Amino acid sequence: MAALEIHNVRKEFGSERVLKDVSISIDSGEFLILVGPSGCGKSTLMNAIAGLEPVTSGNIYIDGEDVTWRTPADRDIAMVFQSYALYPSMTVRQNISFGLEMRKVPKAERTAAVERVADLLQITHLLERKPAQLSGGQRQRVAMGRALAREPKVYLFDEPLSNLDAKLRVDMRTEIKKLHQRLGTTIVYVTHDQVEAMTLADCIAVMRDGNILQLGTPDEVYNNPVDMFVAGFMGSPSMNFIRATLEDNSGGYQLRIATPGEEDLILPWPQERVAAALAERLNQPVILGLRPEHFSEEDERLTSQAEGTLLSTKVAVVEPTGADILLRLPLGEHEVTARVGPKCAVAAGERLALRIDMGRAILFDSESEQRIA
Amino acid sequence: MANVIRRQTPAARLGRGLLYGVLILAALFYILPLVVMLMTSVKPLSEISAGTLLSLPQNPTLEPWAKAWGEACTGMRCDGIGGYFWNSFAIVIPAVLISTTIGALNGYALTKWRFKGSELVFALMLFGCFIPFQVVLLPMAQTLGWLGISSSRAGLILVHVVFGIAFTTLFFRNFYVGIPNELVSAAKLDGAGFFRIFWRILLPVSAPIIVVSVIWQFTQIWNDFLFGVAFSAHNTQPVTVALNNLVNTSTGVREYNVDMAAAMIAALPTLVVYVLAGKYFVRGLTAGSVKG
Numbered sequence: 001m002a003a004l005e006i007h008n009v010r011k012e013f014g015s016e017r018v019l020k021d022v023s024i025s026i027d028s029g030e031f032l033i034l035v036g037p038s039g040c041g042k043s044t045l046m047n048a049i050a051g052l053e054p055v056t057s058g059n060i061y062i063d064g065e066d067v068t069w070r071t072p073a074d075r076d077i078a079m080v081f082q083s084y085a086l087y088p089s090m091t092v093r094q095n096i097s098f099g100l101e102m103r104k105v106p107k108a109e110r111t112a113a114v115e116r117v118a119d120l121l122q123i124t125h126l127l128e129r130k131p132a133q134l135s136g137g138q139r140q141r142v143a144m145g146r147a148l149a150r151e152p153k154v155y156l157f158d159e160p161l162s163n164l165d166a167k168l169r170v171d172m173r174t175e176i177k178k179l180h181q182r183l184g185t186t187i188v189y190v191t192h193d194q195v196e197a198m199t200l201a202d203c204i205a206v207m208r209d210g211n212i213l214q215l216g217t218p219d220e221v222y223n224n225p226v227d228m229f230v231a232g233f234m235g236s237p238s239m240n241f242i243r244a245t246l247e248d249n250s251g252g253y254q255l256r257i258a259t260p261g262e263e264d265l266i267l268p269w270p271q272e273r274v275a276a277a278l279a280e281r282l283n284q285p286v287i288l289g290l291r292p293e294h295f296s297e298e299d300e301r302l303t304s305q306a307e308g309t310l311l312s313t314k315v316a317v318v319e320p321t322g323a324d325i326l327l328r329l330p331l332g333e334h335e336v337t338a339r340v341g342p343k344c345a346v347a348a349g350e351r352l353a354l355r356i357d358m359g360r361a362i363l364f365d366s367e368s369e370q371r372i373a
Numbered sequence: 001m002a003n004v005i006r007r008q009t010p011a012a013r014l015g016r017g018l019l020y021g022v023l024i025l026a027a028l029f030y031i032l033p034l035v036v037m038l039m040t041s042v043k044p045l046s047e048i049s050a051g052t053l054l055s056l057p058q059n060p061t062l063e064p065w066a067k068a069w070g071e072a073c074t075g076m077r078c079d080g081i082g083g084y085f086w087n088s089f090a091i092v093i094p095a096v097l098i099s100t101t102i103g104a105l106n107g108y109a110l111t112k113w114r115f116k117g118s119e120l121v122f123a124l125m126l127f128g129c130f131i132p133f134q135v136v137l138l139p140m141a142q143t144l145g146w147l148g149i150s151s152s153r154a155g156l157i158l159v160h161v162v163f164g165i166a167f168t169t170l171f172f173r174n175f176y177v178g179i180p181n182e183l184v185s186a187a188k189l190d191g192a193g194f195f196r197i198f199w200r201i202l203l204p205v206s207a208p209i210i211v212v213s214v215i216w217q218f219t220q221i222w223n224d225f226l227f228g229v230a231f232s233a234h235n236t237q238p239v240t241v242a243l244n245n246l247v248n249t250s251t252g253v254r255e256y257n258v259d260m261a262a263a264m265i266a267a268l269p270t271l272v273v274y275v276l277a278g279k280y281f282v283r284g285l286t287a288g289s290v291k292g
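Protein chains in written order, with the working numbering: chain X, 1 to 373; chain L, 1 to 292.
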């Protein structure tokens, strides 16, 4: 049975439509991430699930029960807030047990729950401190402990890591993932950080302007994005978009990329990826989407050797990151980013031969920005 | 300021000296009326008529204080202002507690449980801060008559509570606006209700603004004269009205020392409140203006 179901939820503030017909369903134990730029409605959706904001229409079910009009307290959910929202006048122990106390759990059970959670999160030594005496990472743990103590049906995380510094954020990310694997809890997690989304989620919902553009596994969302927005949002550095023209190539298709001052670049489209939608757009402009890792040095292995199209180009900028090297190079009228191995000894201004893995390239309609193939 | 780096040249030292000189003079000027009152209140009457205002008391005596407290004539009766002093407390304490409590609840509801029109309600309450006392004298007298509590302490308490709510609501509203709403959301999810959240989450962090509200209301109500004179009978008068009557009672010689002692007695509670809690007052007024 679905742990959380959202049916056609709409939310309007006056005439502004913040959520436009959102539907999601996740199973018990799944980790759902709502991701999108600020103002996309992900936090509003989170608040609607929590019951902090009434929805304009639609229904929300938790564990099969319609909770659309229940108070936050009656939904059996717990939430971790971006600002942690620890009660400043209470000790860590009181913070964690407050929810249990409100639910009239006997004192002995409360104490046991606090000990269990504190042990799990390694905050036992902090139990008698006030929130003001804790560091950011410790507050984060306490906020999670407060949610865990109640053992609710669904956990909500509202950008829980965005107030931490970069190193701590990565550590806590791993810890949340471990915790989820260990406890098998159902989690809805809001973030604007696509790396968090990719690393944590079982299921990602990419949102924009109050709509869910794509709902799928991290692999689906990353490798098979439905449109240019999803493609560009997921992945860092983000996908390169190159203007091209789809042409006939003796039965197959090829992409012509106009290059100012040079010969046009021709990229053959792989035979096995020919789709009906391509025929409709013959001799029309399309957008070619290539991720930085779809480029590789000439001698490296490709997913399919035959489809590796060779490209010789002048490198504009070399950005070593340590683990690999990012190259900025002109392609057609654009400058694109390519990711190559750390051993690639190229300097800015030199020419380099690169292969393009067309087997993983994606084509978008130049007007609707929807995926074609 | 210790963090200002400056070379200690003779000119700079002279400037510093001048600065302190002016400040000390200004401070003396401000404290002078209090000193004169205090000195006069402990002088025998003979010394007052013989000496000058600033001459030090030769034979200090507490007799004027005793007389002001227990024997001085306020209008027709001659039993001092002691009784009225307690009258004032009996009015001020409930009025301060009730208006602060209501103000805190109002501020909490207006910031953490917003409803349609809550901003309008707040604007109207704010308007209440600017209503001159004189405007409401007649309608208030009428209302107290209807309620059957005219000329009683309860009536005065009601008047002060009604007037005080505008200010206390403003204080608490502005304080609670600075407390993150997520705290309330978290408590709601934890299962706490309206009063529980107020009592357990917000009230424990409200000490600075409670101090502000209490000092403000205490001073306002203690020092009030107009409502006191308009809505009290002779046995429910606050000390400010009694002080006025004492000073204006014209029988025999004018006893300046008793007048001064009575004025000191009337002013003492507000002074004490300021000395004890003034530090928190300033801290509370500026709370939230700078992010800690």
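Cβ coordinates follow ideal geometry from the N, Cα and C atoms, glycine included.
The structure presented is a predicted model; accordingly, all values stated were derived computationally and were not measured.
Grab me the residues of residue 159 of chain X's own chain with a C-beta within less than 6 Å of its C-beta, minus the 5 sequence neighbours each way, in chain order. Taking the first residue of the first sequence as 1, we reach residue 159 of chain X at position 159. Same-chain partners within the cutoff: 82, 190, 191.
Chain-ordered chain L contacts of residue 81 of chain X [CB-CB under 8 Å]: Stepping through the first sequence from its first residue, residue 81 of chain X is reached at position 81. Chain L residues near residue 81 of chain X: 182, 185, 186.
Would you grab the beta carbon distance between residue 96 of chain X and residue 145 of chain X for me? Rounded to a whole angstrom, and I think it's under 8 Å. Numbered from 1 along the first sequence, position 96 holds the residue referred to as residue 96 of chain X. Numbered from 1 along the first sequence, position 145 holds the residue referred to as residue 145 of chain X. Correct: roughly 5 Å between the Cβ atoms.
For residue 87 of chain X, which residues in chain L fall below 7 Å Cβ to Cβ? Within the first sequence, residue 87 of chain X is the residue found at index 87, counting from 1. 183, 201, listed in chain order.
Any C-beta of chain L sitting closer than 7 Å to the C-beta of residue 126 of chain X? Mapped onto the first sequence, residue 126 of chain X falls at position 126. No, its Cβ sits nowhere closer than 7 Å to a Cβ of chain L.
Please state the DSSP three-state secondary structure of residue 160 of chain L. Taking the first residue of the second sequence as 1, we reach residue 160 of chain L at position 160. Residue 160 of chain L: helix per DSSP, three-state reduction.
Based on DSSP bridge pairs, tell me the residues matched to residue 160 of chain X. By one-based count along the first sequence, residue 160 of chain X stands at place 160. Answer is none; residue 160 of chain X lacks a bridge partner.
With C-beta atoms as the reference, is residue 371 of chain X less than 7 Å away from residue 226 of chain X? As a working mapping, residue 371 of chain X is identified with position 371 in the first sequence. As a working mapping, residue 226 of chain X is identified with position 226 in the first sequence. Yes, the Cβ-Cβ distance between residue 371 of chain X and residue 226 of chain X is below 7 Å.
Measure from the alpha carbon of residue 256 of chain X to the alpha carbon of each residue in X:365, X:265, X:137, X:41, then state which is nearest. Here residue 256 of chain X is taken as the residue at index 256 of the first sequence, counted from 1. Selected option, being the one with the closest Cα: X:265.
Within chain B, the residues that residue 204 of chain L reaches when beta carbons sit closer than 9 Å: Protein chains X and L are contained in the structure displayed, whereas chain B is not.
Taking the alpha carbon of residue 162 of chain L as the point to measure from, which residue in L:103, L:188, L:207 has its own alpha carbon closest? The residue labelled residue 162 of chain L in the question sits at position 162 within the second sequence. Among L:103, L:188, L:207, the Cα nearest to that of residue 162 of chain L is on L:103.
Looking only at its chain, what residues have a beta carbon closer than 7 Å to the beta carbon of residue 202 of chain L, apart from the 5 residues adjacent to it on each side? Numbered from its first residue, the second sequence carries residue 202 of chain L at position 202. Cβ neighbours of residue 202 of chain L beyond the five flanking positions: 108, 176, 179.
Selected residue, minimal CA-CA separation from residue 317 of chain X, among X:336, X:310, X:323: In the first sequence, residue 317 of chain X corresponds to position 317, counting from 1. For residue 317 of chain X, the nearest C-alpha among the options comes from X:336.
By the criterion of Cβ-Cβ separation under 8 Å, what are the contact partners of residue 49 of chain X in chain L? Taking the first sequence and counting its residues from 1, one reaches residue 49 of chain X at position 49. Those within 8 Å of residue 49 of chain X in chain L number zero; the least Cβ separation is about 11 Å.
If residue 187 of chain X and residue 157 of chain X are in contact, beta carbons under 8 Å, what's the gap, nearest whole angstrom? Position 187 of the first sequence holds residue 187 of chain X. Position 157 of the first sequence holds residue 157 of chain X. Yes, residue 187 of chain X and residue 157 of chain X are in contact; Cβ-Cβ is about 6 Å, under 8 Å.
When Cβ atoms are compared, which residues of the stretch 93–116 of chain L fall closer than 9 Å to chain X? none
So, do the stretch 64–74 of chain L and the stretch 248–262 of chain L have three or more beta carbon pairs nearer to each other than 8 Å? yes
How close, in whole Å, do the beta carbons of residue 156 of chain L and residue 91 of chain L come, if the pair is a contact with beta carbons under 8 Å? Along the second sequence, read from residue 1 onward, the residue named residue 156 of chain L stands at position 156. Along the second sequence, read from residue 1 onward, the residue named residue 91 of chain L stands at position 91. Their Cβ separation, rounded to whole angstroms, is 5 Å, which keeps residue 156 of chain L and residue 91 of chain L in contact under 8 Å.
Distance, residue 25 of chain X Cα to residue 44 of chain X Cα: Taking the first sequence and counting its residues from 1, the one referred to as residue 44 of chain X is at position 44. Taking the first sequence and counting its residues from 1, the one referred to as residue 25 of chain X is at position 25. Cα-Cα distance, rounded: 17 Å.
Where residue 214 of chain X falls, given that 16 or more other Cβ within 10 Å makes a residue buried: If you number the first sequence from 1, residue 214 of chain X lands on position 214. When all chains shown are included, residue 214 of chain X counts as buried.
For residue 372 of chain X, three-class secondary structure by DSSP: By 1-based counting over the first sequence, the position of residue 372 of chain X is 372. In the structure shown, residue 372 of chain X sits in coil (DSSP, three-state: anything other than H, G, I, E or B).
Can you give me the C-alpha to C-alpha distance between residue 137 of chain L and residue 228 of chain L, rounded to a whole angstrom? As a first step, residue 137 of chain L is located in the second sequence; it is residue number 137 there, counting from the start. As a first step, residue 228 of chain L is located in the second sequence; it is residue number 228 there, counting from the start. Rounded to the nearest angstrom, the two C-alpha atoms are 11 Å apart.
Can you find the residues in the same chain that come closer than 6 Å, C-beta to C-beta, to residue 164 of chain L, ignoring five residues on each side of it along the sequence? For the purposes of this step, residue 164 of chain L is taken as the residue at position 164 of the second sequence. Taken in chain order, the residues that qualify are 99, 217.
Which runs of the alpha helix (DSSP H) fall wholly inside the stretch 16–66 of chain L and span at least 4 residues, in chain order? 45–50
Closest residue to residue 374 of chain X among X:327, X:349, X:68, X:289 (Cα-Cα distance): For chain X, the structure presents residues 1 to 373; residue 374 of chain X sits outside this window and is missing.
Does any C-beta atom of chain L lie closer than 7 Å to the C-beta of residue 305 of chain X? The residue labelled residue 305 of chain X in the question sits at position 305 within the first sequence. The pLDDT assigned to residue 305 of chain X is 49, lower than 50, so where the model puts this residue is not dependable, and the model offers no usable value.
Where does the unbroken beta strand (DSSP E) through residue 334 of chain X begin, and where does it stop? In the first sequence, counting from the first residue as 1, residue 334 of chain X sits at position 334. Where residue 334 of chain X is concerned, the enclosing beta strand (DSSP E) stretches over 334–340.
What distance in whole Å lies between the Cβ atoms of residue 313 of chain X and residue 283 of chain X, which are believed to be in contact at a cut-off of 8 Å? Locating residue 283 of chain X in the first sequence gives position 283, counting from the first residue. Locating residue 313 of chain X in the first sequence gives position 313, counting from the first residue. Residue 283 of chain X to residue 313 of chain X, Cβ: 26 Å. No contact.
Cutting at 7 Å between CB atoms, please list the residues of its own chain near residue 290 of chain L, excluding the five before and the five after it. To locate residue 290 of chain L, count along the second sequence from 1; it is residue 290. Because residue 290 of chain L sits at a pLDDT of 43, beneath the cut-off of 50, its placement in the model cannot be relied upon, and the following sentence gives the value as read from the coordinates. Excluding residues within five positions, none has a Cβ falling inside 7 Å.
Rounded to the nearest angstrom, how far is the Cβ of residue 207 of chain X from that of residue 34 of chain X, given a contact under 8 Å? On the first sequence, position 207 is the one that residue 207 of chain X refers to. On the first sequence, position 34 is the one that residue 34 of chain X refers to. Confirmed, Cβ separation roughly 6 Å.
Is there at least one Cβ from chain L nearer than 7 Å to residue 72 of chain X's Cβ? Here residue 72 of chain X corresponds to residue number 72 of the first sequence, with the count starting at 1. Yes, because at least one Cβ of chain L sits closer than 7 Å to the Cβ of residue 72 of chain X.
Residues of chain X with CB under 8 Å from residue 191 of chain L, in chain order? Stepping through the second sequence from its first residue, residue 191 of chain L is reached at position 191. Residues of chain X passing the Cβ test: 73, 99, 102, 103.
Whole-number beta carbon distance between residue 167 of chain X and residue 63 of chain X, since they are thought to touch under 8 Å: Taking the first residue of the first sequence as position 1, residue 63 of chain X is located at position 63. Taking the first residue of the first sequence as position 1, residue 167 of chain X is located at position 167. Wrong, their Cβ atoms sit about 37 Å apart, outside the cutoff.
With a cut-off of 7 Å, does the C-beta of residue 52 of chain X fall near any C-beta of chain L? As a working note, residue 52 of chain X is residue 52 in the first sequence. Yes, because at least one Cβ of chain L sits closer than 7 Å to the Cβ of residue 52 of chain X.
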